[in-house]
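Asks:
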Amino acid sequence: MTQEGKDVSLSEFKGKPMVLMDWVSWCQHCQKAMPIMSKLYQTYHDDITFIFLNATGSAQGKETRDRVANYRQQLTYEIPIYYDQQMAAANQLRVTAVPTYFFIDKKGMVKHVTTADMTENDLESHILNLLPQQNKDS
1 MTQEGKDVSL SEFKGKPMVL MDWVSWCQHC QKAMPIMSKL YQTYHDDITF
51 IFLNATGSAQ GKETRDRVAN YRQQLTYEIP IYYDQQMAAA NQLRVTAVPT
101 YFFIDKKGMV KHVTTADMTE NDLESHILNL LPQQNKDS
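Residue numbers (UniProt numbering): 1 to 138.
1) Buried or exposed: which applies to residue 63, given that a residue is buried once 16 or more other Cβ atoms fall within 10 Å of its Cβ?
2) What's the call for residue 77, buried or exposed, on a 16-neighbour Cβ count within 10 Å?
3) Would the segment 10-19 count as touching the segment 104-116 if we require 3 or more Cβ pairs under 8 Å?
4) Between residue 22 and residue 39, what straight-line distance do the alpha-carbon atoms span, to the nearest angstrom?
5) Thinking C-beta only, is residue 99 closer than 8 Å to residue 27?
6) Which residue marks the beginning of the beta strand (DSSP E) containing residue 111, and which one marks its end?
7) Note down, in chain order, each residue of its chain lying with its Cβ closer than 7 Å to the Cβ of residue 83, except the 5 sequence neighbours on either side.
8) Do you know offhand how far residue 135's Cα is from residue 48's?
9) Using a Cβ-Cβ cutoff of less than 8 Å, which residues in the same chain neighbour residue 110 once the five nearest sequence positions on both sides are dropped?
10) Leaving out five residues before and five after residue 119 in sequence, what residues of the same chain have Cβ atoms less than 7 Å from its Cβ?
11) DSSP three-state call for residue 21: helix, strand or coil?
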């Protein structure tokens, strides 16, 4: 679901490479990654779709849209946040930890998945691997 309340499906984003980050606002590793991911989003959003998928329906109702809204107000940057209210996407993608990063090519094939803490260089390397060769040198 978008921030505006519109239901969306991951299949709607097919045709363009995608980075999907499953996260929650109270996760320290997620909080640490957000500024890095925001910077990469600002750099690559024309060529890559970024989906910051909030696990709103996660454990014991700890993550709510209100909590995410409060967290978002504290951010000094804009990112496209989507809500996984019923955990349908997380269940389909078999997310077991946050953050989880999915690097998906334009055909919708998952090329890499990780739950590890990643440096900016690591994240950018996976992003560049999704782009056509001619874009990597520019």
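C-beta atoms are modelled at their ideal positions from N, C-alpha and C, and glycine is treated no differently. As the structure is a computational prediction, the values presented were derived from the model and not from experiment.
Replies: According to the data block:
1) buried
2) exposed
3) yes
4) 17 Å
5) yes
6) 110-114
7) 1, 54, 56 and 65
8) Only weak support is given to the placement of residue 135: the predicted model assigns it a pLDDT of 48, under 50, and the value that follows is read from those uncertain coordinates. When rounded, the distance between both Cα atoms is 12 Å.
9) 102, 103 and 104
10) none
11) strand
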